[in-house]
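Numbering (my numbering), first residue to last: 6 to 166. We treat Cβ as the ideally placed atom computed from N, Cα and C, and that holds for glycine. All remarks here apply to the structure that follows.
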Amino acid sequence: MIHILTTGGTIEGLDYVDGQGITQSNISIQGFLDKANIGFEYTIDSVFKKDSRAITDDDRAQLACKIKESNATKILITHGTFTMEDTAKYIGRLNLKKTIVLVGSFILGSSENTDAPFNLGYAISSLQLLKPDVYIAMNGQIFLWNNISKNLETNKFERNE
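Here's what the structure looks like:
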């Protein structure tokens with residue numbers, strides 16, 4: 006079974022106005038999975054709905070607590086891309102002995118040309134094949150938590166050299 010923990014971000018079609026308000030979205034991770042006609046068991050829990058720029062270490066501790074409490078050994082976390090690497094590093098340092106994959110999207114999940122469904126499917130596939138550790142799955146690549154940075158010029162994740 007896969008336990009999906011959601012935290013907000015553009016993958017859920019949430020647009021943040023000046024870091025304050027959240028516009029409503031008719032997009033959900035559940036909706037993406039329903040459309041994909043998936044054939045594995047999963048549960049979804051919303052931990053919080055925040056622009057990732059507003060996620061604090063207290064939020065990360067809450068997320069880590071949910072991971073520890075989960076009976077699942079495979080955890081998928083949907084997360085905004087702005088601080089995804091920070092959360093991956095926070096959780097990676099805890100050595101939780103579970104396979105944990107963070108995923109998000111660069112293009113709003115409610116946009117016609119969103120990368121959300123592809124990234125979500127890629128992350129779920131990767132999650133089922135990877136050994137226990139913490140990873141980020143974005144745009145057809147897997148990154149280990151301690152070897153990643155976001156290039157703000159290209160708006161892509163890269164391996165540290």
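Next item on the list: Using 10 angstroms around the beta-carbon of Lys40, count the other beta-carbons present and answer buried if the total reaches 16, otherwise exposed.
Entry: exposed
Notebook entry, point to check: Taking the C-alpha atoms as reference points, what is the distance between Val106 and Lys161?
Noted result: 17 Å
Note to self: Does Leu81 pass the burial test, meaning 16 or more other C-beta atoms within 10 Å, or should it be called exposed?
What the structure shows: buried
Check: Rounded to whole angstroms, how far is the Cβ of Gly108 from the Cβ of Ile16, which I believe are closer than 8 Å?
Finding: Note on identity: in this sequence residue 108 is Val, with Gly being the wrong assignment. Indeed they touch by this definition, with Cβ atoms about 7 Å apart.
Check: Exposed or buried, what is Ser110 when buried is set at 16 or more other beta-carbons lying within 10 Å of its beta-carbon?
Finding: buried
Checklist line | Endpoints, alpha helix (DSSP H) assigned at Lys102 | finding: Note, Lys102: premise wrong, no alpha helix (DSSP H); not H, not E.
Note to self: Quick check on Thr48: buried or exposed, where buried means 16 or more other Cβ atoms within 10 Å of its Cβ?
What the structure shows: exposed
Checklist line | Residue from Asp120, Asp50, Gly126, Gly18 with nearest C-alpha to Ala77 | finding: Asp50
Checklist line | Terminal residues of the alpha helix (DSSP H) in which Ile96 lies | finding: 89-97
Note to self: Starting from Asn124, trace the alpha helix (DSSP H) in both directions and tell me its first and last residue.
What the structure shows: 121-134
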